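2 protein chains.
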Amino acid sequence: MQVADSAVTAQLATYAATAKYSDLPAPVRQEALRSLFNILGCTLGGARHHGVDIADTALSPFTGQTQATLIGRGRRADPLHAALINCLSSSIYSFDDTHEQAVVHPSGPVASAALALAEQKPVSGEAFLAAFALGVELECRLCKALTVPPAKGSMAWSGTGITGGIGAAVAAGSLLGLDMARMRTAIGIALSQAAGFRAMHGSLCTPLMPAQAAQTGLRAALLAQAGFTSSPVALEGRYGYLTVFSEQPDLDALTGGLGERFEILRNTYKPYPCGIVIHPIIDACLELRQTHSLDPDRIASVAIKASPGAMALCNNRNPKDEMQAHVSLHHWTAVAFIRGTARIQDMDTETAVKDPALMAFQDRVEATLDPNRAADAAEVTVTLTDGTNYTCRIEHGIGSAARPMTNAELEVKFAGMAIPVLGEERTQALMRQCWDLTNLSDVGNLARAAG
Amino acid sequence: MQVADSAVTAQLATYAATAKYSDLPAPVRQEALRSLFNILGCTLGGARHHGVDIADTALSPFTGQTQATLIGRGRRADPLHAALINCLSSSIYSFDDTHEQAVVHPSGPVASAALALAEQKPVSGEAFLAAFALGVELECRLCKALTVPPAKGSMAWSGTGITGGIGAAVAAGSLLGLDMARMRTAIGIALSQAAGFRAMHGSLCTPLMPAQAAQTGLRAALLAQAGFTSSPVALEGRYGYLTVFSEQPDLDALTGGLGERFEILRNTYKPYPCGIVIHPIIDACLELRQTHSLDPDRIASVAIKASPGAMALCNNRNPKDEMQAHVSLHHWTAVAFIRGTARIQDMDTETAVKDPALMAFQDRVEATLDPNRAADAAEVTVTLTDGTNYTCRIEHGIGSAARPMTNAELEVKFAGMAIPVLGEERTQALMRQCWDLTNLSDVGNLARAAG
Chain A
-10 MQVADSAVTA QLATYAATAK YSDLPAPVRQ EALRSLFNIL GCTLGGARHH GVDIADTALS
50 PFTGQTQATL IGRGRRADPL HAALINCLSS SIYSFDDTHE QAVVHPSGPV ASAALALAEQ
110 KPVSGEAFLA AFALGVELEC RLCKALTVPP AKGSMAWSGT GITGGIGAAV AAGSLLGLDM
170 ARMRTAIGIA LSQAAGFRAM HGSLCTPLMP AQAAQTGLRA ALLAQAGFTS SPVALEGRYG
230 YLTVFSEQPD LDALTGGLGE RFEILRNTYK PYPCGIVIHP IIDACLELRQ THSLDPDRIA
290 SVAIKASPGA MALCNNRNPK DEMQAHVSLH HWTAVAFIRG TARIQDMDTE TAVKDPALMA
350 FQDRVEATLD PNRAADAAEV TVTLTDGTNY TCRIEHGIGS AARPMTNAEL EVKFAGMAIP
410 VLGEERTQAL MRQCWDLTNL SDVGNLARAA G
Chain B
-10 MQVADSAVTA QLATYAATAK YSDLPAPVRQ EALRSLFNIL GCTLGGARHH GVDIADTALS
50 PFTGQTQATL IGRGRRADPL HAALINCLSS SIYSFDDTHE QAVVHPSGPV ASAALALAEQ
110 KPVSGEAFLA AFALGVELEC RLCKALTVPP AKGSMAWSGT GITGGIGAAV AAGSLLGLDM
170 ARMRTAIGIA LSQAAGFRAM HGSLCTPLMP AQAAQTGLRA ALLAQAGFTS SPVALEGRYG
230 YLTVFSEQPD LDALTGGLGE RFEILRNTYK PYPCGIVIHP IIDACLELRQ THSLDPDRIA
290 SVAIKASPGA MALCNNRNPK DEMQAHVSLH HWTAVAFIRG TARIQDMDTE TAVKDPALMA
350 FQDRVEATLD PNRAADAAEV TVTLTDGTNY TCRIEHGIGS AARPMTNAEL EVKFAGMAIP
410 VLGEERTQAL MRQCWDLTNL SDVGNLARAA G
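Sequence order for the protein chains is A and B. Quick note on numbering: my numbering labels position 6 of the first sequence as -5, and the sequence is numbered without any gaps. Quick note on numbering: my numbering labels position 241 of the second sequence as 230, and the sequence is numbered without any gaps.
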């Protein structure tokens, strides 16, 4: 593969160093705010995960001054450690956002790097949101350029691992006010540390890959600010980033229509912390439960017509732990009918996976393959003990590209994750503060309020 | 490419977790000590480079407790920062070691991670040298397995960037006493953060890649010790390390004859801090100068028959700065005849590249292509003002595989780098302490003596 020397890195750096909040169309500002709102909730949701505890405890002897908030953990650390830990929290339940085309979860690395920096000196909500939007934009563009046709690339790479760093570096560089040359250096440094492959699936290294991108991206911006150097053609140069990470990159996806076409508008959010092919099934179960005020004790059986993806990945009646429950459609069907929810705590090994009521209900759930059903569709029929049947068909699950989550649905998701950590009152205040971001004069207050 | 699931990661982890100093043959111990001696000198040599100043200054606000020595910098920091900065120093002049076959500079990441850890709690010289030797061994094996035929891999990757982490993780894991399972986890974590490509050549990102490997490798061992998780098949698994970093890995190079065949025996050291194809020319000039007690003012001209590599890369009569001087055979010929040396300070922009005496001498140097001359060979003829001619032919330059540097030559190199930083007395004491490593009860003292 040869990439034309078309100053790709310089183009991206020029855009990142010059675009302002006032340059962003209203829908871009809105989606950036929704992305930030969602990832802040996810960060709170993951903040008490044992994997985060392990990393924070193991590394805290090596951390510096307590200038930055470890979100949801009740303590502070240096910004580089905060970027790592907060991004780890945000992605540890795979409950974060996903670009509709590129397999990248863009907000975690960008938000974690930018929030850690925003606690160093006051930054306005508008400047912060612009920095965040630019980081997400370039990260999504880069990931799309690597793998989405007409590009050809290997699925073995972790999309967020190898592109999160540019997002974090750009957002941090924007907040630091880097000029074009230093922004280009920051991008180059961050890309030179891009890493991660998918063999790590199912281990704590999966969330560590975006976390590492957050930290190295922030560090790249700090080094560039101080005068460190990089290749000015890190992306397109001989033996450069595009050569090693893609068989045939799509340069138009990377640099075409910068400032006019926005990939952040294709960002999507998950309503439930489980395998995405289970989502329409949960939608159907919750709708049936509410519409017919169903008492789970009256349910004799549940018949699910499931998509090929759901059957291949999630047809597991008796999950043994959180990892298995995450991808068991039987588990989530039981949770939806019995608890009327589908939250992080509903896959906790002790309080959910081993809950006798849920385990008993799973035996009444039967899934069958519907080969023509789309991945975001499902049909669920309940049969009551008196013989009554109710059926619900979902054509597009909540959170799919065709049926984006509303702001109200994002709030339910946020609250479900934040209330166990911050309590009801602080959660409500934090949500209001986040929606009101562009009126803040010091975004550091948002991070501190989420401590 | 498909890699057979032959438990490659587990094999390496088992070896790394169980091999002891007593298992290492005497030549392996000796070469490990020589490698450590050399890299400690290189770390001192680079410690005052402006690129190290930039990184240390930019990142020091984010560093933690001052438990570890920043070698040659007169201050201390947390071990993760120390691993980064010390490795950066060790590689910033490209004066470090090189495996004879694989393009990897193995000792920097391993020594930097291990020394930083050795200051946390006392470790004996024997245990330290074994940990260092194991790290270097697995790093060299991995790099060889990626690219040296019969393996096929891309030269675009930074060999040290993508394999330094396993070396650092194994050495640190050995010092921490990790069992096989945790060693395997440490290796997996480190590999999941492997990064670096060659487009960075000529910028400070080039030494940052091994530095990053040192830091992430050390961190991987700390995380594994604390219970973090990784894939148990990080190397050979589907979408794993070997898939992404090699078209066709050579598994025998990786795991064949573990504990019997040692790649560290093929480690080589450079006597001069310049492009390696210039080395035999410098050897010839220094030998002529000494043998005939040549006064440079009596030299009318120097005629060099140079290898194709030297002509292609280093035929630059008037270098403008340190970067250009690094690869100018005219510059180093002048330095050798006038100063009788070839040290880091002999390519300093202000005190060497712009030295009028050196610049004037360069005009008297003429290089011509000898198409059949090997890369480690050269022929130099001086003509004196009285018409006398002297010729010196070098068949194998010092430091080449056929003519390894002696311990005495390593001492000259070490002293040349260390004395400007530590002074004569401390340098001599440090060299003695390093050669005496296996009798030390606390290797932390070695690091502290190099502060």
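Here a beta-carbon is modelled for each residue, glycine too, at the ideal position from N, C-alpha and C. Bear in mind that the values here come from a model prediction, so they are computed numbers and not experimental data.
Annotation for B:Asn27: the continuous alpha helix (DSSP H) segment containing it runs Ala15 to Gly35. A direct Cα-to-Cα measurement between B:Lys110 and B:Leu429 gives close to 13 angstroms. Listed as beta-bridge partners of B:Phe186 by DSSP are B:Trp146. If you draw a straight line from the Cα of B:Leu247 to the Cα of B:Leu231, it comes to about 18 angstroms. Note: A:Val354 is bridge-paired with A:Val291 in the DSSP secondary-structure output. Residue contact check for A:Tyr228 against chain B: a CB pair falls below 9 angstroms. Taken through DSSP and simplified to helix, strand or coil, A:His88 comes out as strand.
Residues of chain B with a Cβ closer than 9 angstroms to the Cβ of A:Ser430 do not exist; the shortest Cβ-Cβ separation is about 24 angstroms. In terms of beta-carbon proximity, A:Ala175 stays away from the interface with chain B, with every pair separated by 9 angstroms or more. Annotation: the stretch 42 to 94 of chain B contains the following complete segments of the beta strand (DSSP E) (minimum length 3 residues), in chain order: 57 to 59 and 64 to 66. Your pair B:Ala36 and B:Ala57 does not check out as a contact, with CB atoms roughly 14 angstroms apart and the cut at 8 angstroms. Residues of chain B whose Cβ lies closer than 9 angstroms to the Cβ of A:Leu197 are, in chain order, Ile178, Ser181, Gln182, Leu212, Phe217 and Ser219. A distance of 9 angstroms or more separates the beta carbons of B:Tyr258 and B:Pro68. About 7 angstroms separates the CB atoms of B:Ala331 and B:Cys263; that is less than 8 angstroms, so the two are in contact. Per the C-alpha coordinates, the member of B:Phe251, B:Glu225, B:Ser78 and B:Ser163 positioned closest to B:Ala209 is B:Ser163.
Here the C-alpha atom of A:Ser101 lies approximately 13 angstroms from the C-alpha atom of A:Arg437. Looking from the CA of A:Arg250, the closest CA among A:Ala(-4), A:Ala15, A:Thr(-2) and A:Ala439 belongs to A:Ala15. For A:Glu368, there is no enclosing alpha helix (DSSP H); the residue is found in the beta strand (DSSP E) stretching over Ala367 to Leu373.
Residue pairing for B:Lys133: DSSP places it in no beta bridge. Taking C-beta atoms under 8 angstroms as the contact rule, B:Asp359 and B:Ala295 qualify, at a distance of about 6 angstroms. Restricting attention to A:Glu400, A:Gly191, A:Leu104 and A:Leu347, the CA atom closest to the CA of A:Ile81 is found in A:Gly191. Here A:Arg382 is bridged, per DSSP, to A:Glu368. Contact annotation for A:Met189 against chain B: Gly177, Ser181, Ser219, Ser220 and Ala223 [CB-CB distance below 8 angstroms, chain order]. DSSP, read as helix, strand or coil, puts B:Thr395 in coil. Beyond the five residues adjoining it in sequence on each side, B:Arg287 comes within less than 7 angstroms, by CB distance, of Leu373 and Thr374 in the same chain, given in chain order. Judged by DSSP secondary structure, A:Ser235 falls outside any alpha helix (DSSP H); it is assigned neither H nor E. In the structure shown, A:Ser389 falls within a strand segment according to DSSP collapsed to helix, strand and coil.
Think of a sphere of 9 angstroms around the beta carbon of A:Pro68: the chain B residues whose beta carbon falls inside it are Pro50 and Phe51, in chain order. Between the alpha carbons of A:Ala116 and A:Lys9 lies a gap of roughly 7 angstroms. With respect to the 9 angstroms criterion, A:Trp321 and A:Ile253 are not classified as neighbours on the basis of their beta carbons. Within the DSSP bridge table, the entry for A:Lys141 names A:Gln237 as partners.
Under the Cβ criterion of 9 angstroms, B:Ser192 is counted among the residues facing chain A. The criterion of a C-beta distance shorter than 9 angstroms is satisfied by A:Ala223 and A:Gly177. Counting only the Cα atoms, A:Ala(-1) lies some 10 angstroms from A:Glu225. About 20 angstroms separates the CB atoms of B:Val(-3) and A:Ser143; that is not less than 8 angstroms, and the two are not in contact. If the five residues before and after A:Ala145 are omitted, its C-beta is found closer than 7 angstroms to the C-beta atoms of Phe186 and Arg187, all from its own chain and listed in chain order.
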